[in-house]
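K.L.:
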Amino acid sequence: MSIDLTFPVAPFGLEPLRSFTLDLVEGAEGLFTLVGSGTTTAGVDAPRLYLLDAAVHLPDYAPLLSDEQADVIGLVRAEDAMLLVVANPDAAGTTVNLLAPVVVNARTGVGAQFILEDQDLPLRAELARS
Numbered sequence: 001m002s003i004d005l006t007f008p009v010a011p012f013g014l015e016p017l018r019s020f021t022l023d024l025v026e027g028a029e030g031l032f033t034l035v036g037s038g039t040t041t042a043g044v045d046a047p048r049l050y051l052l053d054a055a056v057h058l059p060d061y062a063p064l065l066s067d068e069q070a071d072v073i074g075l076v077r078a079e080d081a082m083l084l085v086v087a088n089p090d091a092a093g094t095t096v097n098l099l100a101p102v103v104v105n106a107r108t109g110v111g112a113q114f115i116l117e118d119q120d121l122p123l124r125a126e127l128a129r130s
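Each residue of the sequence shown is one higher than the one before, counting from 1 in UniProt numbering.
(1) To the nearest angstrom, report how far apart residue 54 and residue 101 are at their CA atoms.
(2) Tell me which residues share the same chain as residue 18 and place their Cβ nearer than 8 Å to its Cβ, disregarding the 5 neighbours each side in the sequence.
(3) Use the C-beta contact count for residue 1: other C-beta atoms within 10 angstroms, 16 or more gives buried, fewer gives exposed.
(4) State the DSSP-derived secondary structure class of residue 117, mapped to helix, strand or coil.
(5) Would the beta-carbon of residue 119 fall within 8 Å of that of residue 63?
(6) Which residue wins for smallest C-alpha separation from residue 24, given the options 61, 51 and 16?
(7) For residue 35, which residues from the same chain have a beta carbon less than 7 Å from its beta carbon, with the 5 sequence-adjacent residues on both sides left out?
(8) If you measure between the beta carbons of residue 125 and residue 98, is that distance less than 8 Å?
(9) Which residues mark the beginning and the end of the beta strand (DSSP E) in which residue 72 is found?
(10) Measuring alpha carbon to alpha carbon, tell me which of 107, 61, 88 and 121 ends up nearest residue 79.
(11) The beta strand (DSSP E) spanning residue 96 covers which residue range?
(12) With burial defined as no fewer than 16 other Cβ atoms inside 10 Å of the residue's Cβ, what is the status of residue 167: buried or exposed?
(13) Rounded to a whole number of angstroms, what is the C-alpha to C-alpha distance between residue 116 and residue 104?
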């Protein structure tokens, strides 16, 4: 599965890119790569982030978006939101950023990474191993 996404504002660390492909990692339920579109040159890989589907891996995670944030991606109904968190794998384990999720309007393919204000959420939450 591969989905083309557009971001009105580039995700953190991937500036100035605004066009991406969200690819499901084969054999890993709810794990995606967000890859910058049209950015490979002379053997250099396109910038990418690993994203986890919060509905699959963090079913109790329910951040609140402001009306302004929802407007940025044209989100009218909560059920149209695909909630993803940035995953940071390393030798000690994997952490996820719960303070700055990537939210995608599943109807339109418009997404954004939002910093959640006034919510007590960690930047590096340890992902429980199953």
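Note that CB positions come from ideal geometry on N, CA and C, so glycine has one too.
P.N.:
Put simply:
(1) 9 Å
(2) Same-chain partners within the cutoff: 6, 7, 8, 9 and 10.
(3) Around the beta-carbon of residue 1, fewer than 16 other beta-carbon atoms lie within 10 Å, marking it exposed.
(4) Residue 117: coil per DSSP, three-state reduction.
(5) yes
(6) 51
(7) 20, 21, 23, 46 and 48
(8) Result yes, Cβ atoms of residue 125 and residue 98 sit closer than 8 Å.
(9) Element bounds for residue 72: not the beta strand (DSSP E) but the alpha helix (DSSP H), 67–72.
(10) Among 107, 61, 88 and 121, the Cα nearest to that of residue 79 belongs to 107.
(11) 93–105
(12) Since the first residue shown for the chain is 1 and the last is 130, residue 167 is missing from the structure and cannot be characterised.
(13) 15 Å
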